[in-house]
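Residue numbers (the working numbering), protein chains in the order written: chain A, 1 to 172; chain B, 173 to 651. Note that the Cβ used here is the ideal one computed from N, Cα and C, for glycine as well. Computed from a predicted model, the values in this text were never measured in an experiment.
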Amino acid sequence: MTTELILFFSLALIAIITGLGLLISKNAIYAALYLVLNFFTIAIFYLLLGGAFIAMAQVSVYAGAIMVLFLFVIMILGAEKLGKSNTVAWQRPVAIILSIILLIEAGYVLFWRTAPVQAAQTLPDGFGGPASIGNVLLNNYLLPFEITSVLLLVAMIGAIVLTHKQKTDKEV
Amino acid sequence: MTTTDLLSVFPLLILILWACLVLLLDVFLKRERLTTILTAIGLVVTLGFSISQNNLNLTGFNNMVVVDNFAVYLNIIFLGSGLLAISLAHDYLKRMGINRGEFYVLLMFSISGMMLMAIAADLIVFFLALELLSIPLYVLAAFARPRVESEEAGMKYFLLGAFSGGFVVYGIALVFGATATTNLSGIAARIAEHQADIPLLTIGAALILVGFSFKVAVVPFQMWTPDVYHGAPSAVTAFMAIGAKAAGFAALMRIFVAALPTLSEQITPIIWVLAALTMIVGNIVAVAQSNIKRMLAYSSIAHAGYILMALVSYGQSSVASVSVSAALFYLLSYAVTNFGAWAVVIAVEKAEGKGLALDDYAGIGRKYPALAAAMAIFMLSFTGVPPTLGFVGKFYLFRAVIDGGYIGLAVIGVLTSLISAFYYLRVVVIMYMRDGEPEVRSEPWLNLTTAFTAIATIVLSIFSAPILQWASQAILSTF
Numbered sequence: 001m002t003t004e005l006i007l008f009f010s011l012a013l014i015a016i017i018t019g020l021g022l023l024i025s026k027n028a029i030y031a032a033l034y035l036v037l038n039f040f041t042i043a044i045f046y047l048l049l050g051g052a053f054i055a056m057a058q059v060s061v062y063a064g065a066i067m068v069l070f071l072f073v074i075m076i077l078g079a080e081k082l083g084k085s086n087t088v089a090w091q092r093p094v095a096i097i098l099s100i101i102l103l104i105e106a107g108y109v110l111f112w113r114t115a116p117v118q119a120a121q122t123l124p125d126g127f128g129g130p131a132s133i134g135n136v137l138l139n140n141y142l143l144p145f146e147i148t149s150v151l152l153l154v155a156m157i158g159a160i161v162l163t164h165k166q167k168t169d170k171e172v
Numbered sequence: 173m174t175t176t177d178l179l180s181v182f183p184l185l186i187l188i189l190w191a192c193l194v195l196l197l198d199v200f201l202k203r204e205r206l207t208t209i210l211t212a213i214g215l216v217v218t219l220g221f222s223i224s225q226n227n228l229n230l231t232g233f234n235n236m237v238v239v240d241n242f243a244v245y246l247n248i249i250f251l252g253s254g255l256l257a258i259s260l261a262h263d264y265l266k267r268m269g270i271n272r273g274e275f276y277v278l279l280m281f282s283i284s285g286m287m288l289m290a291i292a293a294d295l296i297v298f299f300l301a302l303e304l305l306s307i308p309l310y311v312l313a314a315f316a317r318p319r320v321e322s323e324e325a326g327m328k329y330f331l332l333g334a335f336s337g338g339f340v341v342y343g344i345a346l347v348f349g350a351t352a353t354t355n356l357s358g359i360a361a362r363i364a365e366h367q368a369d370i371p372l373l374t375i376g377a378a379l380i381l382v383g384f385s386f387k388v389a390v391v392p393f394q395m396w397t398p399d400v401y402h403g404a405p406s407a408v409t410a411f412m413a414i415g416a417k418a419a420g421f422a423a424l425m426r427i428f429v430a431a432l433p434t435l436s437e438q439i440t441p442i443i444w445v446l447a448a449l450t451m452i453v454g455n456i457v458a459v460a461q462s463n464i465k466r467m468l469a470y471s472s473i474a475h476a477g478y479i480l481m482a483l484v485s486y487g488q489s490s491v492a493s494v495s496v497s498a499a500l501f502y503l504l505s506y507a508v509t510n511f512g513a514w515a516v517v518i519a520v521e522k523a524e525g526k527g528l529a530l531d532d533y534a535g536i537g538r539k540y541p542a543l544a545a546a547m548a549i550f551m552l553s554f555t556g557v558p559p560t561l562g563f564v565g566k567f568y569l570f571r572a573v574i575d576g577g578y579i580g581l582a583v584i585g586v587l588t589s590l591i592s593a594f595y596y597l598r599v600v601v602i603m604y605m606r607d608g609e610p611e612v613r614s615e616p617w618l619n620l621t622t623a624f625t626a627i628a629t630i631v632l633s634i635f636s637a638p639i640l641q642w643a644s645q646a647i648l649s650t651f
């Protein structure tokens, strides 16, 4: 138990530090690399909770594919250095008020929620494994799963329509 | 997957497959007219299958979709809007030099998203439907690129659409946190068993309301509307004004009436204020517009306010079904009138965004009496003057609001309608009383659409009883 606690708190510390680093660093590349580190720590959290599959998905999809995309976009655009940020004057106080509201909301959910917190159930064998996820995805959630594929197709068509060179004179 | 599952999404399946097919065929077809005809055939076939689902009352995919008469009624509106949009776009796209087959494909995908919205009964499906209908609309709004206004419209619509999508997802997450389910019937059951966390649920419901309010352009979430409606190609705007609005209201009615009637004590005041604000701001700002597209954009905001009025009494089970059918009837009347008005706008519009000022309508009354008469009919219908469809729609709507006991809101509605008479009738006055040398395009499909919608606006108002009968049968199945 204690080793797990030590592991949890040291990971939590890393997650918070990398999260702050992401926000504070002026160079967009460093920020992206902090985010990669953050995703990795979250993946280990999932592992601690027994979700091996979701941990792997986190690493391969978020820390892998999406972050590579981020880095490429930053480098291609040459947007490593943030220009002088011109913030709106009232932005900061509003942001502070909104974050306080969010914190209160989160605190409420944690401490004063009316419905009793249910004790953690012993999970069935193979819960969160590839087999059970696939089972749920292709049985209970078949329709959302298929619609998502249509959605991706539409997004792809849209991107091509918007970026492809004009060929309006098709009828000629 | 069972046969019932397949049957419940069958029209949707046909439309999506047809859209993929048209996308492929468009590459090989030399004559782009064929793409238009194929799209129209696809929509008509889907319409046939949708109508055949009337009175079937299916549920499929573990209660993720519900095909009741409410869904069938809305699907018919969506598919009919699609057909009208094609007839508006056919010559318009050629004239504006943006004739590409993807227009029709994206239109079909957007309609499939709307149809999914009408049959959705699970919050996850609502979100996916919202994205499926929105993403093609973002692209269609920017379809006239590299014209700057059109690109701006696409960009603005995309950014604010993504932003509002975030509200919906966060709301869904909180509702899931409060009830441990995303299924509407499951949520209702959890609330009935007192197992739901009510404050959390209320915040979630409010966020969902905000997210969809962006989509249907309710004040104060309407900022994008005039720019997007102005910048997008007119045929797209006409479709967007109906499709996205009807789909957004379908989602709001389904979620709130079917799953959250117990929250009405907290939610009703919010909807009351939103509806009142929308009617007031939409109508008053429309008075100041000199561009017909922007004027119609503000008019569409105002009409969103009228439709939202129907939702105020959603918690009273005796009135809710009457309100829903009044809103459905109003959507139909708004759809017919709106397409007619946009058809006239397209007839007067010229390339490079010219011919859109109100002054360009001067002299139409003398030179093109038929077109002017049609426009006058649409303007009267927007105002709500008998004998037009708009009058009947407003009548049923106000009656439902008064039945619910919200006299104050009905009074605001009537007063703002009076304000709206000013800017609608101004168009009529400019057409008939001022001299000018207007140039109007005469294209067969455009004229047909104008004539069809003008006749429908008058005739359907006289024979409104069967439609209302149909709308009143289109109540939500309450699981």
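Judged by DSSP secondary structure, A:Gly-134 falls within the alpha helix (DSSP H) whose first and last residues are 130 to 138. If the five residues before and after A:Ile-42 are omitted, its C-beta is found closer than 7 angstroms to the C-beta atoms of Ala-15, Gln-58, all from its own chain and listed in chain order. C-alpha of B:Leu-197 to C-alpha of B:Thr-211: approximately 11 angstroms in a straight line.
With respect to chain A, the C-beta atom of B:Val-237 has a partner C-beta closer than 9 angstroms. Contact check for B:Ala-325 and B:Val-400: beta-carbon distance about 5 angstroms, within the 8 angstroms limit, so the pair qualifies.
Contact annotation, B:His-366 with B:Trp-617: C-beta distance approximately 57 angstroms; criterion of less than 8 angstroms not satisfied.
Distances from the CA of B:Leu-295 to each of B:Gly-333, B:Ile-536, B:Val-237, B:Thr-588 were compared; the closest alpha carbon is that of B:Val-237. For the C-beta of A:Gly-158, the chain B residues within less than 8 angstroms are, from N- to C-terminus, Leu-278, Ile-307, Pro-308, Tyr-310, Val-311. Following the DSSP letters along the chain, one finds B:Leu-305 inside the alpha helix (DSSP H) bounded by residues 295 to 313. Residue-level contact check: A:Thr-148 touches chain B, since one or more beta carbons of chain B fall below 9 angstroms from its beta carbon. In the DSSP assignment, B:Leu-230 falls within the beta strand (DSSP E) that extends over 230 to 232.
DSSP, reduced to helix, strand and coil, places B:Asn-510 within a helical segment of the structure shown.
Bounds of the alpha helix (DSSP H) holding A:Val-94 are 91 to 111. With respect to the 9 angstroms criterion, B:Val-388 and B:Gly-420 are classified as neighbours on the basis of their beta carbons.
In terms of Cβ geometry, B:Leu-251 and B:Thr-218 form a close pair [threshold 9 angstroms]. Of all residues in the region 291 to 305 of chain B, only Asp-294, Ile-296, Val-297, Phe-299, Leu-300, Ala-301, Glu-303, Leu-304 come within less than 9 angstroms of chain A when Cβ atoms are compared, listed by chain position. In this structure, the CA atom of B:Glu-303 is about 8 angstroms from the CA atom of B:Gly-285. From the listed residues B:Ala-593, B:Leu-184, B:Tyr-478, B:Ser-592, the smallest Cα separation to B:Ala-290 is found for B:Leu-184. Taken in chain order, the members of the region 224 to 236 of chain B whose beta-carbon sits within less than 9 angstroms of a beta-carbon on chain A are Gly-232, Phe-233, Asn-234, Met-236. Rounded to whole angstroms, B:Leu-346 and A:Ile-104 show a C-alpha spacing of 15 angstroms. For B:Val-557, there is no enclosing alpha helix (DSSP H), since its DSSP letter is neither H nor E. Chain A has a Cβ within less than 9 angstroms of the Cβ of B:Pro-371.
When beta bridges are read from the DSSP output, B:Val-520 appears opposite no residue. By the criterion of at least three beta-carbon pairs nearer than 8 angstroms, the region 610 to 630 of chain B is in contact with the region 521 to 540 of chain B. With 16 or more other Cβ atoms from the protein chains shown falling within 10 Å of its own Cβ, B:Thr-208 counts as buried. Of the candidates B:Ala-292, B:Asn-241, B:Val-517, the residue whose Cα lies closest to the Cα of B:Ala-646 is B:Asn-241.
Taken through DSSP and simplified to helix, strand or coil, B:Lys-526 comes out as strand.
Short of 6 angstroms from the beta carbon of B:His-475, and not among the five residues preceding or following it, lie these beta carbons of its own chain, in chain order: Tyr-506. Assignment of B:Asn-355 by DSSP, reduced to helix, strand and coil, places it in the strand class. The beta strand (DSSP E) runs of length 3 or more contained entirely in the region 457 to 485 of chain B do not exist; there are none. By the neighbour-count criterion, in which a residue is buried when 16 or more other Cβ atoms sit within 10 angstroms of its Cβ, B:Asp-532 is buried.
In this structure the region 509 to 520 of chain B lies against the region 404 to 416 of chain B, because at least three pairs of beta carbons, one per stretch, are closer than 8 angstroms. About 5 angstroms separates the Cβ atoms of B:Leu-446 and B:Val-390, confirming a contact at the 8 angstroms cut-off. Distances from the CA of B:Val-429 to each of B:Ser-490, B:Thr-175, B:Tyr-596 were compared; the closest alpha carbon is that of B:Ser-490. Contacts with chain A at 9 angstroms (Cβ-Cβ) do not include B:Ala-582. Look at the region 131 to 142 of chain A: the residues with a C-beta under 9 angstroms from a C-beta of chain B are Asn-139, Asn-140, Tyr-141, Leu-142.
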